[in-house]
Structures are given as structure tokens and as C-alpha cells.
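Q:
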Amino acid sequence: MLKLLLFLVVISISTITPQSRDSLYSLNLEVGAGYSYHLTDLNMPDVNLHGFNGTLRIMWQPEHLLRIGLETGYHQLYSLDKVINLTGIGRSEAEISMFSIPVLAVFSMVVFPQMLPELEIKFSSGVMFLNTRGNGFGSKASSSQITLGFSGAATYLRPLNEHFAVGAELKYYNFAKIDDGNLSLQFIFTYKFMRW
């Protein structure tokens with residue numbers, strides 16, 4: 010009788026407690042940094058089109074292949090350091106730089122889940138805050154404008170364990186208002202900080 014009672018208690022507890030299952034959803038934090046090259050029609054000698062690119066992204070990863078998220082970051086577009094001589098005013102070193110801070114909705118998908126599960130294709134769209142700063146002849150100036158923009162990227166992420174992955178991302182940005190682009194290559198670090 011005691012064995013039967015113990016057996017019924019064990020069966021009851023095993024049916025009441027939740028069974029462990031694989032997580033179907035996760036939130037991932039992606040941080041990237043790297044090199045960028047500004048694609049422009051600017052015809053100014055001595056302009057520096059090389060710069061730094063940083064990305065911060067939060068992605069929701071459901072059980073299917075499509076993922077969505079939000080992205081921001083910092084993208085140096087161009088800079089110019091030049092000595093200028095103006096008749097009657099004199100000589101001064103002039104510095105001009107432009108950078109962008111995007112706020113984008115991101116859609117990402119693993120296109121070849123069987124052959125290349127580490128490769129994701131991303132498309133994002135939203136607004137970009139363009140900031141210009143200038144300095145010369147003892148004066149400083151700055152301006153800001155908002156433009157629509159989009160980006161497309163290919164991201165390769167290699168998992169280190171169930172929480173961390175590292176990889177690289179090749180990305181193209183388009184800025185509608187100034188009709189320019191930006192090409193970047195970044196190192197990406199991903200942390201899966203929530204699963205359910």
C-alpha cells in the first residue's frame with residue numbers, strides 16, 4: 010500500500026511540474042565596431058572619406074527564421090582638415106566633419122538555414138540624424154538635419170556557446186537627403202541576454 014501511494018505521488022508531481030523544453034524566443038544584444046568608407050560625389054580635394062563605424066542593436070529572435078529589432082550607432086561620414094588663406098582676413102586651419110546617428114527598424118533572416126545557419130541578411134529602414142561641425146578663423150559652427158535612410162547587410166556570426174557569438178558584418182547605408190552612401194566592415198559581438 011505504501012509503495013502504491015508513493016508511486017501515485019511521484020506520478021502526480023511529474024505531471025504537475027512543467028517539463029523542460031528548448032527556448033523558442035530570445036533577445037540578443039549586438040555590438041559592432043569597425044571601418045567605414047563614405048560613398049559621395051563630393052569633389053573636394055583633401056577630404057577624408059575613411060572613418061569609424063559603431064553599431065548597437067537589440068534583436069528579437071523567434072523560433073522561425075525572421076528576426077526583428079532596433080538599431081542605433083555612430084557613423085563618421087567624412088572630415089576635412091585644411092589650411093585656408095583668405096585675402097584681407099588671413100590664414101587659418103579649417104576643420105569640417107560630418108557624422109550620422111541612425112535609428113532604424115531592422116529585419117533579419119537566415120537565408121540558408123541548412124547550408125549556412127551562421128549567415129544572416131539584414132534590411133533596415135528609419136531616420137538618420139546628420140550632424141556637421143566646423144571650426145575655422147576662431148569660430149565654431151554646427152548644424153543638424155534629419156533624413157530618411159535604409160541599409161542592407163550580410164552578417165556572419167559564429168556561436169561560441171549558447172549565449173555568445175562573434176563575427177563580421179558588411180553593410181551599406183543610404184542617406185536620402187544628401188544622396189550619399191556609406192560602406193562599412195565591422196567586427197560583431199552578440200550576447201543572448203534573455204530566453205523564454
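The sequence shown lines up with residues 10 to 205 when you count with our numbering. Glycine included, each C-beta is placed from N, C-alpha and C at the ideal position. Since the model is a prediction, treat every value here as computed from it, not as a measurement.
Ends of the beta strand (DSSP E) at Val-119?
A: For the purposes of this step, residue 119 is taken as the residue at position 110 of the sequence shown. That run of the beta strand (DSSP E) goes 99–119.
Q: Please give the ranges of any beta strand (DSSP E) in the region 118–183, keeping only runs that are unbroken, at least 3 residues long and fully inside the region.
A: Here the runs fully enclosed are 128–145 and 148–168.
Q: At what residues does the beta strand (DSSP E) containing Ile-187 begin and finish?
A: Here residue 187 corresponds to residue number 178 of the sequence shown, with the count starting at 1. No beta strand (DSSP E) contains Ile-187, which DSSP labels as neither H nor E.
Q: What are the boundary residues of the beta strand (DSSP E) that includes Tyr-44?
A: Taking the sequence shown and counting its residues from 1, one reaches residue 44 at position 35. Note, Tyr-44: beta strand (DSSP E), 35–48.
Q: In the DSSP assignment, find the unbroken beta strand (DSSP E) run with Trp-205 in it and report its ends.
A: As a first step, residue 205 is located in the sequence shown; it is residue number 196 there, counting from the start. Per DSSP, Trp-205 belongs to no beta strand (DSSP E) and is neither H nor E.
Q: Mind reading off the beta-carbon distance from Ser-101 to Phe-146? Whole number of angstroms is fine, and I expect it under 8 Å.
A: As a first step, residue 101 must be located in the sequence shown, where it is residue number 92. As a first step, residue 146 must be located in the sequence shown, where it is residue number 137. So it is a contact: roughly 4 Å between Cβ atoms.
Q: Return the residue from the list Asn-94, Leu-75 and Ser-88 that minimises the CA-CA distance to Pro-126.
A: Counted from its first residue, the sequence shown places residue 126 at position 117. Considering only alpha carbons, the answer is Leu-75.
Q: By the DSSP assignment, the beta strand (DSSP E) with Thr-64 in it spans what residues?
A: Taking the sequence shown and counting its residues from 1, one reaches residue 64 at position 55. From DSSP, the beta strand (DSSP E) with Thr-64 extends over 59–70.
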